[in-house]
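Q: Have a look at this one.
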Amino acid sequence: EKQRVIRSKRMDDVSLSLGGNLVTSLAFSVGWTAVLESLKARISCKLPATHWWAKHAIYPQKKMMYNFGFPKEPTATFPEGVTEAIVRDFYAFVLVICLQHLLTALPMLPVAWYGWHAVSVTWRRAFVIATLSNVGFDIYDSAFTTVRTFAPRISGRFGYSPLSKSYWFIAVVLHHALSIFMVIPMNYRYVDLPSYHQTAVSLLLAASICYTTGSYKFTLDIETPAGAFQFKTILLLQLATILYTRLYLWFPAVFDMLQHFRANADWPFFYFGAVTASLLSLFNLLLIVDGLGAVASMGRVTAKAAVRRPSASGVAKLD
Numbered sequence: 251e252k253q254r255v256i257r258s259k260r261m262d263d264v265s266l267s268l269g270g271n272l273v274t275s276l277a278f279s280v281g282w283t284a285v286l287e288s289l290k291a292r293i294s295c296k297l298p299a300t301h302w303w304a305k306h307a308i309y310p311q312k313k314m315m316y317n318f319g320f321p322k323e324p325t326a327t328f329p330e331g332v333t334e335a336i337v338r339d340f341y342a343f344v345l346v347i348c349l350q351h352l353l354t355a356l357p358m359l360p361v362a363w364y365g366w367h368a369v370s371v372t373w374r375r376a377f378v379i380a381t382l383s384n385v386g387f388d389i390y391d392s393a394f395t396t397v398r399t400f401a402p403r404i405s406g407r408f409g410y411s412p413l414s415k416s417y418w419f420i421a422v423v424l425h426h427a428l429s430i431f432m433v434i435p436m437n438y439r440y441v442d443l444p445s446y447h448q449t450a451v452s453l454l455l456a457a458s459i460c461y462t463t464g465s466y467k468f469t470l471d472i473e474t475p476a477g478a479f480q481f482k483t484i485l486l487l488q489l490a491t492i493l494y495t496r497l498y499l500w501f502p503a504v505f506d507m508l509q510h511f512r513a514n515a516d517w518p519f520f521y522f523g524a525v526t527a528s529l530l531s532l533f534n535l536l537l538i539v540d541g542l543g544a545v546a547s548m549g550r551v552t553a554k555a556a557v558r559r560p561s562a563s564g565v566a567k568l569d
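As structure tokens, this is what we get:
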């Protein structure tokens with residue numbers, strides 16, 4: 251009874267209910283599907299016309315996809331291997347993710363910065379709606395990714411390329427599970443928890459920063475000093491962002507939330523939160539290892555950019 255009273259005081263001023271959370275999330279899912287799929291198609295069509303796509307971006311993007319389990323050789327699911335069209339679709343989707351995450355994170359900032367009780371009802375509503383926006387995105391992406399992974403013939407009829415099972419596991423199981431299964435319950439019972447606000451905003455902004463700079467990084471000509479310098483600077487920025495948000499902020503915030511659930515004897519939240527948080531923790535650790543490996547490889551970029559000879563036109567070329 252006490253928990254119901256506390257929950258009522260938290261929720262009345264933002265007019266929320268479990269049903270309202272769910273309906274709003276599903277509405278965002280439909281909306282993001284329409285907007286992002288349309289935007290992704292437009293970006294994908296324009297990429298071949300850029301001067302950097304074929305020259306600089308395809309190879310590193312394809313190499314990154316190999317790390318997600320996409321095959322290096324043709325398979326039954328990928329009869330032509332990872333084609334340029336598949337790479338283009340993947341790159342374009344990363345760009346629209348950056349936009350969606352940024353637009354979702356911005357309305358959360360006042361609550362995350364000042365605290366739930368220090369801001370107006372308008373900003374509290376903005377925070378909650380933004381969290382549901384992200385749930386909607388994760389529902390949309392999970393549905394599309396699942397169909398494209400396990401029913402590629404069906405998705406192929408609509409012009410969608412297949413996805414690897416490793417990518418599905420990382421994206422849907424490790425990444426999206428926490429948002430899909432925990433955000434609505436958190437909004438319903440623990441919406442004023444500071445560690446919840448911090449986690450929601452920091453992870454969205456971190457993804458937006460890292461994916462945006464990562465996409466730009468693939469456009470660079472690392473065989474020039476300027477390109478190599480920008481490339482290395484971005485690697486350091488990405489690693490710093492990942493370490494700060496996915497290590498320094500993430501693990502204390504998760505511990506704080508779990509301790510809060512335990513103190514309230516809210517065992518369903520504690521156990522389910524522990525499981526879903528563990529999945530995202532594994533995702534974060536994978537990003538940390540990847541970021542450290544990328545920074546460790548910076549010396550190879552420097553060496554490649556330094557070994558040059560002048561051409562007849564005076565433009566530096568690689569030996």
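Residue numbers for the sequence shown follow my numbering, so the first one is 251 and each next one is one higher. Positions of the beta carbon are idealized from the N, C-alpha and C atoms, including for glycine. Small disclaimer: the values here were computed from a predicted structure and weren't measured.
1. Quick check: what's the CA-CA separation for Y438 versus T354?
2. How big is the Cα-Cα spacing for R338 and R292?
3. For H301, does the three-state DSSP call read helix, strand or coil?
4. So, are the CB atoms of A427 and H351 less than 8 Å apart?
5. Report, in whole angstroms, the separation of the C-beta atoms of L382 and R398, which I expect to be a contact under 8 Å.
6. What residue range does the alpha helix (DSSP H) around T399 cover?
7. Going along the chain, which unbroken runs of the beta strand (DSSP E) with 3 or more residues stay wholly within the region 278 to 335?
8. Report all residues from its chain with a CB closer than 7 Å to the CB of L453; omit the five preceding and five following residues, and keep chain order.
9. Using a Cβ cut-off of 8 Å (strictly closer), state whether L535 contacts chain B.
10. Could you give the distance in angstroms between the alpha-carbon of S531 and the alpha-carbon of A326?
11. Residues in the same chain with beta-carbon distance under 6 Å from F387, minus the five sequence neighbours each way, listed in chain order, please.
12. Under the three-state reduction of DSSP, which class applies to V344: helix, strand or coil?
13. Quick one, are the C-beta atoms of P310 and F519 less than 8 Å apart?
14. Keeping to the same chain, check which residues put their C-beta closer than 6 Å to that of P321; ignore five residues upstream and five downstream.
15. So, with DSSP's three-state summary, where would you put N514?
16. Do you know whose CA, among G406, F408 and T396, lies nearest I420's CA?
17. Just verifying my parser: in three-state terms, what is the DSSP assignment at G409?
18. With a threshold of 16 other CB atoms inside 10 Å of the CB of P360, please say whether the residue is buried or exposed.
19. Tell me whether the region 293 to 307 and the region 402 to 412 touch, counting them as touching only if at least three CB pairs, one residue from each stretch, are closer than 8 Å.
20. With H, G and I counted as helix, E and B as strand and the rest as coil, what does DSSP make of Y461?
21. Whole angstroms are fine: how far does the CA of L276 sit from the CA of Y343?
22. Could you give the first and the last residue of the continuous alpha helix (DSSP H) run that contains V433?
23. Less than 8 Å between the CB atoms is what I'm expecting for A376 and Q448, so what's the real figure, rounded?
A: Put simply:
1. 19 Å
2. The C-alpha of R292 is placed about 11 Å away from the C-alpha of R338.
3. In the structure shown, H301 falls within a coil segment according to DSSP collapsed to helix, strand and coil.
4. no
5. Not really, about 24 Å apart at Cβ, beyond 8 Å.
6. V371 to F400
7. none
8. T495
9. The chain labelled as chain B is not found in the depicted structure, where only one protein chain is given.
10. 33 Å
11. W282 and Q350
12. Three-state result, V344: helix.
13. no
14. F328
15. Of the three classes helix, strand and coil, the one that applies to N514 here is coil, per DSSP.
16. Nearest in C-alpha terms to I420, of all of G406, F408 and T396, is T396.
17. coil
18. buried
19. No: the two stretches stay apart, fewer than three of their Cβ pairs being nearer than 8 Å.
20. Shown here, Y461 sits in a helix according to DSSP, grouped into three states.
21. For the sequence presented, residue 343 should be read as Phe rather than Tyr. Distance between the alpha carbons of F343 and L276 is about 20 Å.
22. A427 to R439
23. Incorrect: roughly 16 Å between the Cβ atoms, too far for contact.
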